[in-house]
């Protein structure tokens, strides 16, 4: 993905402020593994495949370079992981690749830490709707994780196209969103992060980065596949209620 350092103003400041770095503990250190979206001050949305192993997790908010401390980061431990009950770790393409993380304390909102807006339940975006993916993922297949936050423009590929022969076919379900398919895409390390889409003049998180082709991150006619957030609004609300959090997520 392209370096976003020069774009860390205006529109992209909004897109980046809701992105978090999900990190796992190994020894005495934490390591970036996935992205995520702050959707309430005490809640993060990410991909189920990022957190389906029992580990000690933390999220870092307001981060730009994951290899350096810049003074604006907020570090939060994860008190509980809520995997979608239908998630099957042996079948990522089966769908249900979504999880909610309850943070041990609420984030402080500021210029660098903001909430992602969620879509109305069931909303499906049209072909070529403008969207952006952001994260610290590998810049090429087999490459190193990026220390600097990067972004890429990935327009929506509608379900009819994405599920057709020569594209993803039946691998892609109605509960997913495809975006990209050109020279840019998500890659390992971007998983769990948001697909931010422009809808009615506002930025809305329509996808959770789920998977790319085994042929590589920029495979022809294999757009990046995202969990469609609008398919899971009811589930997210039910989780918040079960967690005795009266404030609905949407």
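Residue numbers (mature numbering (1 follows the signal peptide of the UniProt record, and there is no 0)): -29 to -1, 1 to 221.
Every residue, glycine too, gets a C-beta built ideally from N, C-alpha and C.
What ranges does the beta strand (DSSP E) occupy inside the stretch 26 to 81, keeping only unbroken runs of at least 3 residues that lie completely in it? Counting whole runs of 3 or more residues, the stretch 26 to 81 contains the beta strand (DSSP E) stretches 28 to 32, 45 to 54 and 70 to 74.
DSSP three-state label for residue 171, please. One-based indexing of the chain shown puts residue 171 at position 200. Note: residue 171 maps to coil in three-state DSSP.
Can you name, in chain order, every residue of its own chain whose Cβ lies under 7 Å from the Cβ of residue 192, other than the five neighbours on each side? Translated into the one-based positions of the chain shown, residue 192 becomes position 221. Within the same chain, residue 192 has close Cβ partners 137, 138 and 152.
With distances taken between CB atoms, is the gap from residue 18 to residue 185 smaller than 7 Å? Numbered from 1 along the chain shown, position 47 holds the residue referred to as residue 18. Numbered from 1 along the chain shown, position 214 holds the residue referred to as residue 185. Cβ atoms of residue 18 and residue 185: not closer than 7 Å.
What does the alpha-carbon distance come out to for the pair residue 50 and residue 30? Position 79 of the chain shown holds residue 50. Position 59 of the chain shown holds residue 30. Taking the straight line from one Cα to the other gives about 11 Å.
Check whether the stretch 80 to 87 touches the stretch 51 to 65, taking contact to mean three or more Cβ pairs, one atom from each stretch, closer than 8 Å. no
Outcome for residue 27 when other beta-carbon atoms lying within 10 angstroms are tallied against a minimum of 16: As a working mapping, residue 27 is identified with position 56 in the chain shown. That one is exposed.
Beta bridge counterpart(s) of residue 195 as assigned by DSSP: What you label residue 195 is simply residue 224 of the chain shown in a count that begins at 1. Note: residue 195 sits in a beta bridge opposite 150.
Please classify residue 98: does DSSP put it in a helix, a strand, or coil? Here residue 98 is taken as the residue at index 127 of the chain shown, counted from 1. Of the three classes helix, strand and coil, the one that applies to residue 98 here is coil, per DSSP.
Looking only at its own chain, which residues have a Cβ that is under 7 Å from the Cβ of residue 214, when we skip the five neighbours before and after it? Here residue 214 refers to the residue found at position 243 of the chain shown. Once the five neighbours on either side are set aside, the close Cβ partners of residue 214 are 73.
Could you check which residue in 22, 143 and -10 has the C-alpha nearest to that of residue 46? To locate residue 46, count along the chain shown from 1; it is residue 75. If we check each option's Cα against that of residue 46, -10 comes out closest.
Tell me which residue opens and which closes the beta strand (DSSP E) that residue 3 is part of. Position 32 of the chain shown holds residue 3. Residues -1 to 11.
For residue 206, report the span of its alpha helix (DSSP H) as first-last. Indexing the chain shown from 1 puts residue 206 at position 235. From DSSP, the alpha helix (DSSP H) with residue 206 extends over 204 to 213.
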